[in-house]
Every structure is written in structure tokens, then in C-alpha cells.
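Encoded as C-alpha cells, the structure appears first; notes follow it.
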Amino acid sequence: VLSEVVVTGSRIARRDLTSNTPITTVEQDIIQNTGSFALESKLLQLPQFAGAANSQYSTGYFNSGAATLNLRNLGDNRNLVLLDGRRLQPSTSALAIDVNTIPAALIENIEVITGGASAVYGADAVSGVVNFKLKRNFEGLQLDAYYGLSERGDNQIVDVSGVMGGNFADGRGNAVVGLTYADRGSVRNIDVPFLQQGYRVGAIPSSSSFLASGYYAPIANPPSQAALDAYFGPFGAPAGAVGRATQLGFNNDQSSLFNITGPNIYNYRNELYPRYAVDSYTSATKTLKQNFGADTLASLPLTRYSAFGKIDFEIADGLTAYSQLMYTRYNSTTAGGAPVAASSWSVLVPRDATHPVPAAFATLLNSRAQPTAAWQANKDLTFMGLGVVEHTNDVFQLQAGLRGDIGDTGLTFDLNASHGETQLVDNGVSGFASLARYTELMVAPNYGANYSGRYGRCTSGLNPFGEQNGVGAGQFVTNNLPAVSADCIDYLNPYWTNTTRLKQD
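Per our numbering, the sequence shown starts with residue 16, numbered consecutively.
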């Protein structure tokens, strides 16, 4: 005997005062009066929403500029985003919806459902449902423009949109089209004072000991303690202060070394703030660290073009046919840190005449139990520049259907078909290096100087001792070391492209 029937779907109409689950309705005037470029930023002011993938802030190489919603901090693909009660085309590889593909100028209100939604709407509404409702029977012409910038004069934002619509066939039909253009500039972390305050006082909020000047990790074949004491003693280090397992950094003078960790940092001669600082807050041991976030972006540049069209036509009383088209293209750029060839990505350099080392370093290597063994070279490859990825995203959706009333029952129906496609293209422009190619150059004679291989030619070679200039690094590096030649950078860079295509019917 059938005891219960449970119907799930995304077309169930509910309102604030009649719903069994909590619903918050955000009206049009609230949306328009919120001074924000991005639609998700307007909704983040509601307590139901947690931070998610944001179109503005950099969270890594692959933040393509999509703006998603995260209800109850359960993830941006754990809620259901609808437009007039119908599903939208996913905009990310995780099948999340970019809410900035929705024409903001046409939004009438937004309903946010946050309680028990999966029982009614299905498994993908675990954390809730966000339903964007568009204006109906729009007539006239509406133009909106927004311009803003930060108090420092950067992060310039331009947002221009236009909507035009009208009725036809004696009011039985309505057509509306909308166009949007938006552009936002970038902001570097190093240009935001409060983001850099920690480095001024030695409290390191985001850092790494993968130094751009390079360093030596002793691992299983360390220098003798006597050799270390003899070298660091003249710089004020007591005997044993620099232990045998201590990593040793290279100064940019290419002749001297310093200890990266210890009760004090001895003989450090390179720059400090804003790219380096001594972390003395986390423990009694001091550690020289590199501010790898200084050169990256606090706000992502983004350009977005959107087009929207919709036609409704009343075929008969209580029966309406409709068709809807959406297309959005947005281009963005992310910038992460430079590639790292350190720790598990380090290189064992042969100890021979074709790989010369500074005299002081040679003395330490010669004091090892196995003086002719290879030594571990580590380096943050800032000469490659920032890890820049350019993103081009295209999101398209076409819907058509019939909606109407079911007699005098008070019930309604909506039958529709939808086709959507998404293409996400990521291009690694700069700041990426192949570990295999880097190892190939480092173990070649003279660290790859005038080297020819399967990927081309490397003229300058690489220098493990000191930070070098290169693509994207010249404005930060102030030493006089020869720059890495462009052909060496090309040799290391794999220049990759990743394309993701999604189709939903």
C-alpha cells in the first residue's frame, strides 16, 4: 500500500509569510542602493551567506573571476541558484553558478531560502536556494552607470548597463533586451598599507622561507660544526649557534652566506621590508622569511560583457509561451607567487669544476664527510615573474517553454527546455617553470650558460647564488647581478593552456 508520495523540484512557488522554511526577500531598491560592482557583494551583507569564490579577490591561480554564493559556509556548489525558478548554466568546473551572469538591471527581487530546502528542491539544495526573480512586462528604456575607485586612486570600477523593452500584439506579448559592460582595475598587495603592516613589525602573516636569493639545505651530508663556527664567529655567532642542519642562504654579493633560522640571523646583507622580514613573533627562534604575497594582487582585474533577451507571448488566456537567451563573456587575470624550486622541488647540483661556487661556500662543502657529493640548491624563481594566468570564460544558455494555469484549481504549470554551454580557457602567461627543464639547466656545465637543448637555447644560464632580475621582477630587485636572459626564461616556461567545456540540457 502506497503510504506517502514526495515530490521534489525547483518550480514550487513559496513566499515569506506562507513558507514552512525561512525565506528572506531582497527587494530591487536594496540591490540598486548598494554601492557595489559585483552582485555577490550585495548579498554577502546578509548573515546567511559566507565568503565564497569572489570575482574581485585573488584566491589563487584559478580564480577565473566567477562570483558564486555560499550559504551557511557549506560550499558554493551545495546551494541551488535559480532564475525565475529555473536552473542556470554552471559557470565553473565545480558546477557552481556565477551570479554575475544574471542581468542585475532586470532583477525584481531575490528570494533566499535557507531551511530544509533539500527535501523540497533536491540534493543540490543542501544549504538552501537563491531564486532571482526578473521584472515582467518591462516597458521603456533604462540606463544605469556606476563609477568608483579606492581612496588611493586605484581599483577603478566602471559598470554600464542598458535595458529596453516593450509590449506588442495589444499587450499580449512583451520583449526585453539588456546589455551590460563592466570593467575593474587591479590592486597589488604591496600597495595596500594594512596588508603590509605585519612585515614592518616582524609579525609575518603570509610568508615563506623559500628565498629568492637561494639557499643550501645540508640534508644528510652537512658541513662540520667547526667550519660553521669558523665562518659565522666573526659575525657575532657563538659556537654552535648555527647548527649543522641549519639552512644557509646566499647574499646577493655572491660571496657570503647567512643562516635562515637561529637565535639570531647572522651576516644577512640583502634587503628587508617590504619583501623580506625576520619573523620573531611565532617563537624564540628567528626565521628570515620572504613576503611572497607582496607582489600578488589583492583585487583582480576583470572585464565582463553580458547580453540578455526574453520574449513572452500570451497564446490564450492562462497560457503563455516564452523564450530566454543569456550570454556572458568575462576576462580576468590572476597573479600568484613565482615558481619555487625548493624542498621536494630542489635540485642536486654536482660538486665539480663545471659548477663553481663562492669560496666561503666551497670551504663549508669541503668540510663535509663526503666533500665531492652533490649539494641541494633551493630557490624561489622570482626572475620568472609572477604566476600570471589569463582567463576567458563564455557562458551561454537558451530556454523556451510554456507556462499557465491549470483550470480553476489555483495550480500552475511550467514546461520548459533548456540548452547551455560553458567554455573556460586558462592560459599560463608567465611565472611558471618546468622542474625537469630547470634541473636540466642547473646540472648542465656553468648552470646552463650558453646551453642548447630540446626546448631551445639558454644564453645567460642560471645563478643559484643571489636573486636575479628577470621578467616581472626588475621593479623589486635592486642588486647588480646579471639578469636571466629571455631565452632561458622561455626555456623554463611550459606556456600551458587548459580548456574546460560544460554542456547542460
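Beta carbons: idealized from backbone N, C-alpha and C, even for Gly.
Asked, Found
"Within 9 Å, strictly: CB atoms of Leu417 and Ile330", "yes"
"Where Ile45 falls, given that 16 or more other Cβ within 10 Å makes a residue buried", "exposed"
"Test item: CB-CB of Asp174 and Asp159 under 9 Å", "yes"
"Residues of its chain near Phe480, where Cβ-Cβ distance is below 7 Å and the 5 sequence neighbours each way are ignored", "Gly229, Phe265, Gln269, Pro373"
"Sequence-distant residues of its chain with Cβ nearer than 8 Å to Leu430 (five each side left out)", "Gly416, Leu417, Arg418"
"Cβ neighbour criterion (16 or more within 10 Å) applied to Ala488", "Residue placement at Ala488 is flagged as unreliable, the pLDDT there being 46, under the threshold of 50; a coordinate-derived value is accordingly withheld."
"Candidates Leu379, Asn92, Asp367, Leu103, of which the one nearest Thr1 by Cα", "Past the boundaries of the shown model lies residue 1; the chain is included only from 16 to 520, so the question cannot be answered."
"Three-state class that DSSP yields for Val499 in the structure shown", "coil"
"CB of Asn152 within 9 Å of CB of Glu126, strictly", "no"
"Sequence-distant residues of its chain with Cβ nearer than 6 Å to Gly463 (five each side left out)", "Leu456, Cys473, Gly476, Leu477"
"Nearest candidate by alpha-carbon position, reference Thr261, set Leu272, Gly251, Asn267", "Leu272"
"Ala292, DSSP secondary structure in three states", "strand"
"Straight-line Cα distance separating Ser321 from Thr335", "26 Å"
"Buried or exposed (CB count within 10 angstroms, at least 16 for buried), Gly193", "buried"
"Per-residue DSSP class, three states only, for Gly188", "strand"
"Proximity below 9 Å, CB of Leu413 to CB of Ser338", "yes"
"Ile290 classed as buried or exposed, judged by whether at least 16 other C-beta atoms fall within 10 angstroms", "First, the residue type needs correcting, since residue 290 is Arg and not Ile in the sequence shown. Arg290 should be labelled buried."
"Whole-angstrom C-beta distance between Gln438 and Thr348, which should lie under 8 Å", "18 Å between Cβ atoms; not a contact."
"Spatially closest choice to Ser56 from Leu84, Ser79, Val96, Pro37, by CA coordinates", "Leu84"
"Segment contact, 8 Å Cβ cut-off, at least three pairs: the region 369-384 with the region 432-446", "no"
"C-alpha gap between Ala119 and Leu97, whole angstroms", "14 Å"
"Cβ pair Leu243, Thr276 closer than 9 Å", "no"
"Residues bridged to Ser224 (per DSSP)", "Ser224 pairs with nothing; no bridge assigned."
"Residue burial classification, Ile234 (beta-carbon count within 10 angstroms, cutoff 16)", "exposed"
"Proximal residues to Asn442 (C-beta, below 6 Å), its chain only, five neighbours per side dropped", "Glu405, Thr512"
"Assumed close pair Leu363, Gln385 - CB separation to whole angstroms, cut-off 8 Å", "Contact flag wrong, Cβ pair sits at about 13 Å."
"Beta-carbon proximity list for Ser333, same chain, < 7 Å, skipping 5 on both sides", "The identity of residue 333 in the sequence shown is Gly, whereas the question assumes Ser. Taken in chain order, the residues that qualify are Gly419, Asp420."
"Three-way DSSP call (helix, strand, coil) for Ile38 in this model", "strand"
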